[in-house]
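Working notes, beginning with the structure itself.
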Amino acid sequence: MKSVSENPYDAIIIGAGPGGSSAATFLAQAGKRVLVLEKEVFPRFHIGESLLPRNMSIFREMGVLPDLEAAGFPRKLGARFELANGALGTRFSFRAGKYNREPEAIQVERAVFDHVLLKHARNSGAEVREGWTVRSFSTDDAGITLEVSDPESRAQTLRASFLIDASGRGNLTGNQEGLRVMHPRHKKLAVFAHFKGVLRPEGETHNDIIIARLVNKWFWIIPISAEKTSVGLVMDKDEFAQEKGSPLEIFEKHVAISPSVKERMQNVQRLGDIRTTSDFSYFNRRLVGDRLLRVGDAAGFMDPIFSAGVFLAMWSGKLAAEAIRQTLDGGRSNRETFSRYEKRVRRGMTYYWRMVDHFYTTPFIELFLRPSEHANLFSAVIGVLAGEVEGSWSLRWRMEYFFFLVRLQSVLPLAPRIRYLAERSLSRSPS
């Protein structure tokens with residue numbers, strides 16, 4: 080028999096990832112009655128292990144930073160981008176940036192990290208139910224209704240004043256309303272695993288994320304503990320389908336033709352199975368409804384090249400909590416606060432959409448890997464890589480200037496042309 084909750088919540092949050100946990104924490108700390116529904120049971124594996132410096136500000140506001148420091152996650156002081164053939168590369172040190180407010184980030188094993196955030200949300204006063212599945216939602220003038228199933232598959236109906244969709248790429252409410260729009264050019268697939276024994280540099284750069292670029296694909300190398308490193312290959316889905324061999328064989332073949340990656344993985348031990356996941360970029364045509372806000376990947380998902388996913392999830396989770404709190408406390412209409420939320424989040428996401436779109440063009444790489452401090456452009460790029468999506472006018476106009484130079488590079492070389500020697504030599508070899 081289906082039961083109906085009698086005492087509506089101020090907000091129900093679908094999903095207990097970083098976006099859902101941050102929204103739950105901020106709402107609970109504001110004294111709101113909040114329920115988090117998570118279909119899985121934590122801890123659980125998840126990809127997306129490199130964070131941005133602006134995450135650190137959110138951790139402090141939540142009060143969760145001491146718990147994260149106690150977990151011993153590696154400190155990330157910069158990011159290195161390079162050609163996989165080893166011919167060219169550069170390091171972006173967050174401390175060298177003039178427009179970012181935070182000098183470092185962390186890199187995490189998501190099973191541990193997400194669990195820390197969820198426990199903090201619970202300790203802050205949020206009610207958390209794991210193993211619960213949301214089937215559908217509806218809205219009316221008084222609030223929202225969710226049709227859900229508990230861990231024993233018993234149907235229930237829950238009520239709340241507002242709903243935050245943090246369901247990730249499951250995109251529950253966006254799919255129900257038919258809002259998802261797929262990006263026509265970014266239909267990617269990632270092949271990845273955790274390894275022991277990946278060679279790391281000494282000193283300050285020891286825990287840097289490394290991005291190694293091939294012609295139209297790239298590797299990530301992310302230290303997530305003292306010994307464990309996440310290594311993944313991102314490529315077009317169609318190209319992956321045309322490759323011969325298993326995911327492991329495809330991964331190992333590309334390591335073999337990527338000198339900068341191969342050198343770091345000469346004596347590695349794979350920890351667990353090789354995994355694959357689709358990285359199909361998309362956005363939802365609307366991020367809000369009458370009583371609904373979408374956060375993180377439930378607002379839109381983009382290629383993870385710049386490690387923005389966790390930051391955008393937690394930042395939008397914080398903004399969603401603020402919008403609901405202002406509506407409940409300040410007597411403002413939710414239409415006003417929700418509209419402001421949509422504009423801010425969409426503007427922040429657009430920053431990274433532009434970076435992702437340009438990353439797969441050669442003119443962008445030719446300038447990006449030869450950074451110039453002309454007009455402080457290098458610092459502006461560092462600011463975006465650090466998560467300064469709402470940066471000052473000084474940052475914004477410099478990024479517009481940088482994108483102008485990228486367009487100019489395609490017709491009038493401002494920097495020397497590059498070649499992806501290793502991969503092209505492979506494409507000419509007999510199959």
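Just add 79 to the spot in the sequence shown (first one is 1) and you have the working numbering.
Where is the CB? At the ideal position from N, CA and C, for every residue including glycine.
Beta-carbon gap between residue i and residue j smaller than 7 Å
i	j	result
Val187	Phe152	yes
Gly222	Pro87	yes
Val277	Met344	yes
Leu268	Phe330	no
Ala377	Ser246	yes
Arg189	Ala272	no
Leu366	Val435	no
Thr429	Thr416	no
Ala158	Ile243	no
Ile301	Ser129	yes
Ile290	Phe481	no
Tyr499	Leu293	yes
Phe298	Val340	yes
Gly427	Val460	no
Ala109	Arg404	yes
Own chain, CB closer than 8 Å to residue i, minus 5 neighbours either side, in chain order
i	result
Ile497	Leu162, Ala166, Leu167, Thr441, Ile444, Glu445, Leu448
Glu183	Pro132, Met135, Arg154, Lys155, Leu156, Phe173, Arg174
Pro122	Ala190, Val191, Asp193, His194
Leu371	Phe216, Thr218, Ile223, Phe241, Leu242, Ile243, Asp244, Thr252
Pro495	Glu445, Arg449
Ile303	Glu128, Phe152, Pro153, Gln186, Val187, Glu188, His273, Ser309
Glu342	Gly165, Leu278
Other residues of its chain near residue i: CB distance less than 7 Å, five sequence neighbours each side excluded
i	result
Ala465	Leu131, Pro132, Arg133, Phe173, Gly176, Asn179, Glu181
Ser489	Pro442
Gly98	Ala245, Val374, Gly375, Ala392, Met393, Ser395, Gly396
Phe457	Pro450, Ser451
Val485	His437, Pro442, Phe443, Leu446
Three-state class that DSSP yields for residue i in the structure shown
i	result
Phe219	Note that residue 219 corresponds to Asp in the displayed sequence, not to Phe. If DSSP states are grouped into helix, strand and coil, Asp219 belongs with the strands.
Ser504	Because the pLDDT of Ser504 is 41, which lies under 50, any placement of that residue in the model is unreliable, and the number read from its coordinates should be weighed accordingly. DSSP places Ser504 in helix when its eight states are reduced to three.
Pro106	The question names Pro, yet the displayed sequence has Leu at residue 106. Looking at Leu106 - three-state DSSP - the assignment turns out to be helix.
Gln235	strand
Asp376	helix
Trp394	helix
Gln488	helix
Met344	coil
Pro263	strand
Thr252	helix
Trp211	coil
Ala291	strand
Thr356	strand
Tyr88	strand
Ala184	strand
Phe526	For residue 526 there is no data in the structure shown, the boundaries of the chain being 80 and 510.
Leu493	coil
Ile137	helix
Ala150	helix
Glu322	coil
Thr429	helix
Glu119	coil
Val389	helix
Glu206	strand
CA nearest to the CA of residue i, picked from the options
i	options	result
Asn363	Arg423, Val374, Ser418, Arg486	Val374
Gly96	Ala90, Gly127, Ala109	Gly127
Arg112	Arg292, Val490, Ser240, Val347	Ser240
Trp476	Glu148, Ala454, Pro495	Ala454
Ser451	Gly324, Glu231, Arg170	Arg170
Asp146	Asn202, Tyr431, Trp432	Asn202
Glu322	Met478, Val270, Glu281	Val270
Phe438	Phe124, Leu493, His265, Ser337	His265
Leu197	Ile92, Arg414, Gly470, Val347	Ile92
Lys296	Ala305, His125, Val334	Val334
Lys307	Lys316, His285, Glu231	His285
Ala305	Ser325, Arg279, Gly324	Arg279
Gly94	Glu342, Gly409, Val227	Val227
Proximal residues to residue i (C-beta, below 6 Å), its chain only, five neighbours per side dropped
i	result
Leu327	Ile353
Glu206	Leu114
Val143	His199
Ser418	none
Glu421	Leu366, Val367
Ser357	Leu268
Gly249	none
is_contact[residue i, chain C] using C-beta, thresh 7 Å
i	result
Phe124	Annotation note: the requested chain C is absent from the structure, which comprises a single protein chain.
The stretch 385 to 393 contacting the stretch 257 to 275, beta-carbon criterion three pairs below 8 Å: no
Touching by the beta-carbon criterion (3+ pairs, under 8 Å), the stretch 115 to 130 and the stretch 207 to 214: yes
Segment contact flag, the stretch 389 to 407 with the stretch 103 to 112, C-beta cutoff 8 Å, min 3 pairs: yes
The stretch 306 to 318 in contact with the stretch 138 to 150 per 3-pair CB rule at 8 Å: no
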